[in-house]
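Enquirer: Below you will find the structure I want to go over with you.
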RNA sequence: GGCGGCAUAGCCAAGUGGCUAAGGCGACGGUCUGCAAAACCGUUAUUCACCGGUUCGAAUCCGGUUGCCGCCUCCA
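Residue numbers (my numbering): 68 to 560.
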């Protein structure tokens, strides 16, 4: 069986077949850069990364694009004198809106790297695609779908019969203004309550551009329609985002572009459920609002965040707490230590065959019981891991198999080539998981080696007081010591 | 008001009709160790929010109740 995903459009788990064999075009809704992205945002971005890694694992060529929203969108829509988010944040930071957008964009990329998220092919900025948005708006007006009403160009949803298909909503079920954000004035300007804005003329908006309809700014949904098409073509294989994007954002994206291209906009819509923190929705006022850099400054490793956020199914609400984050880190450490232990064991010659095999020379074909156990475990593991992860990204199940695999291999205590093969299997699946990050050399490596050797000498001389003193000293620096028959190994935690 | 999702151990989380309800973290006991750490072995859910129903059989299907979450033109 091939790869399967739950497609929001059909509501079912479907076999994934790209439009062009061997190639996948994938678009993700990216951050609005008016503040630091929070870990809930990164759950969504990690879904994109996981998809990309899985597809590449299976040999697909992946063209991946994520937008950067750096255009404010909501000045007059709100009751509360609605100040634009970009505008407000810029004023508060004392920066110009674009300076601020670049600042948070940089921060966003920094967080991507910290979380070991692979860079997409392109990160187009909304502010650099205003021309194309204006063109699309013009084209929609020409088709009789866009219409002028007051100082806005609106989209007439009654002209797109499929409106509501993605979110499984019937338009008559929608209670107009239920979100409490529409003014009576706005409602009166619309032909249908669900009509949304393509362009807003507003010479007072901080961000404004010339258009045939006057200086103003574009509707929010336009940017993705336009940029996805520009970078990936008329039909995308995959489009992802948080569940809140399903309606109206993604619904509107397809409504805008399909009448123009005459082709399906997206083959597979994949949405992740929102992250919960401490059992409830994340909010600044509840004090359960986390950013990557915030958690890092508290001493958490960003890879622990990655592990935790990918370890639950993307369609289930995941509960994030510092306790589970700590647990996630322990799991990451265990996995990393397994791999480095196996790689060290691989450097040692294979143990002489125990129970009887290999009485002769190295040329004899007999594998030891340990080698047989390891090779069987590798085969089972690779099969089970792949089956699990292919099944709508069941990472939890895949990780279950990974821990089972480690236990079996640990039990077999392989050395030499078999240990190397076990490590290699882990490195292979890590192309999907992305938690193994290569070890970096540190300046004090040599010094630690010296201390570790000194401790070994002390132990050999049964000077345990000195040995323990060194161990404590190193522990205080985050260095963990492990003694074994093969000698002492250490690692940073 | 309309539409939808979820509820599994101390915590996180697989499992969607049938062998002993994965796995991780934590905790406790053991082997190993100078002591640790790591690893391994064992214990930690007679039961899957609650009530009723269908079935030979239900965590899994159906109905109801409670709680939490999401969408209904800012939101990952």
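For glycine and all other residues, C-beta sits at the position ideal for the given N, C-alpha and C.
Between the C-alpha atoms of residue 425 and residue 477, what's the straight-line distance to the nearest angstrom?
Expert: Low per-residue confidence applies at residue 425: pLDDT is 40, beneath 50, and the placement is therefore not dependable, though the value from the model is reported in the following sentence. Distance between the alpha carbons of residue 425 and residue 477 is about 22 Å.
Enquirer: Residue 138 and residue 274 - do their beta-carbons sit closer together than 8 Å?
Expert: yes
Enquirer: Using only the alpha-carbon positions, how far apart do residue 377 and residue 446 sit?
Expert: 24 Å
Enquirer: Would you kindly report the start and end of the unbroken beta strand (DSSP E) that includes residue 72?
Expert: Segment 71-74, the beta strand (DSSP E) holding residue 72.
Enquirer: Pull up the DSSP beta-bridge partners for residue 347, would you.
Expert: 344
Enquirer: Enumerate, from N- to C-terminal direction, the unbroken beta strand (DSSP E) stretches of 3 or more residues contained entirely within the region 186-242.
Expert: Here the runs fully enclosed are 213-216, 219-222.
Enquirer: For the structure I just gave you, are there three or more beta carbon pairs, one from the region 390-408 and one from the region 523-540, closer than 8 Å?
Expert: no
Enquirer: Tell me whether the beta-carbon of residue 75 lies closer than 8 Å to the beta-carbon of residue 299.
Expert: At least 8 Å separates the beta-carbon of residue 75 from that of residue 299.
Enquirer: Give the secondary structure of residue 529 by DSSP, where H, G and I count as helix, E and B as strand, and everything else as coil.
Expert: coil
Enquirer: Per DSSP, which one or two residues make a beta bridge with residue 551?
Expert: 554
Enquirer: Could you check the C-alpha separation between residue 493 and residue 473 for me, to the nearest Å?
Expert: 9 Å
Enquirer: Measure the alpha-carbon distance for residue 112 versus residue 434 and round it to whole angstroms.
Expert: 45 Å
Enquirer: Across the region 452-459 and the region 360-376, are there enough close Cβ pairs to call them in contact, namely three or more that are closer than 8 Å?
Expert: no
Enquirer: Thinking just about the alpha-carbon of each residue, which of 444, 92, 383 is nearest to the one in residue 485?
Expert: 444
Enquirer: Between the region 342-357 and the region 76-96, can you find at least three pairs of beta-carbon atoms closer than 8 Å?
Expert: no
Enquirer: Nearest to residue 356 by alpha carbon, out of 102, 78, 106, 281?
Expert: Minimum Cα distance to residue 356 is reached at 106.
Enquirer: Can the beta-carbon of residue 200 be found closer than 8 Å to that of residue 129?
Expert: no
Enquirer: To which residues of the same chain is residue 559 closer than 7 Å at the C-beta, ignoring the five residues directly before and after it?
Expert: 545, 546
Enquirer: Cutting at 8 Å between CB atoms, please list the residues of its own chain near residue 246, excluding the five before and the five after it.
Expert: Because the pLDDT at residue 246 is just 49, under 50, the model does not fix this residue reliably, and the point stays unresolved.
Enquirer: Can you tell me which of 437, 134, 327 puts its alpha carbon nearest to the alpha carbon of residue 209?
Expert: 327
Enquirer: Any idea what DSSP makes of residue 537, helix, strand or coil?
Expert: helix
Enquirer: Candidates 495, 412, 309: which alpha carbon is nearest residue 94's?
Expert: The option with the nearest alpha carbon to residue 94 is 309.
Enquirer: Tell me whether residue 550 counts as near the ligand ZN, meaning its Cβ is closer than 7 Å to at least one heavy atom of that ligand.
Expert: Looking for the ligand ZN in the displayed structure turns up nothing, as the structure carries no ligands at all.
Enquirer: Which residues does DSSP list as the beta-bridge partners of residue 303?
Expert: 333
Enquirer: Pick out whichever of 402, 206, 110 has its Cα sitting closest to the Cα of residue 385.
Expert: Comparing Cα-Cα distances from residue 385 to each of 402, 206, 110, the minimum goes to 110.
Enquirer: Check residue 315 in the structure and name its three-state DSSP category.
Expert: Correct three-state label for residue 315: helix.
Enquirer: Should residue 430 be labelled buried (16 or more other beta-carbon atoms within 10 Å of its own) or exposed?
Expert: Any reading at residue 430 must be qualified, since the residue scores a pLDDT of 39, below 50, and its modelled position is unreliable; no value is offered.
Enquirer: Verify whether the separation of the beta carbon atoms of residue 224 and residue 104 is less than 8 Å.
Expert: no
Enquirer: If you run the structure through DSSP and keep just helix, strand and coil, what is residue 430?
Expert: With a pLDDT of 39 at residue 430, under the threshold of 50, the modelled position of this residue cannot be trusted; read the value that follows with caution. Three-state DSSP puts residue 430 in coil, outside helix and strand.
Enquirer: Using only the alpha-carbon positions, how far apart do residue 267 and residue 280 sit?
Expert: 8 Å
Enquirer: On the criterion of 16 or more Cβ atoms from any shown chain inside 10 Å, does residue 536 qualify as buried, or is it exposed?
Expert: Around the beta carbon of residue 536, fewer than 16 other beta carbons sit within 10 angstroms, so the residue counts as exposed.
Enquirer: Give the straight-line distance between the Cα atoms of residue 506 and residue 361, rounded to the nearest whole angstrom.
Expert: 24 Å
Enquirer: For residue 93, report the span of its beta strand (DSSP E) as first-last.
Expert: 90-95
Enquirer: For residue 285, report the span of its alpha helix (DSSP H) as first-last.
Expert: Segment 283-285 is the beta strand (DSSP E) holding residue 285; no alpha helix (DSSP H) there.
Enquirer: For residue 144 and residue 288, what's the separation of their Cα atoms in angstroms?
Expert: Per-residue confidence for residue 144 stands at a pLDDT of 37, beneath the threshold of 50, marking its modelled position as unreliable; no derived number is given.
Enquirer: The beta strand (DSSP E) spanning residue 482 covers which residue range?
Expert: Unbroken run through residue 482: none, as it is neither H nor E.
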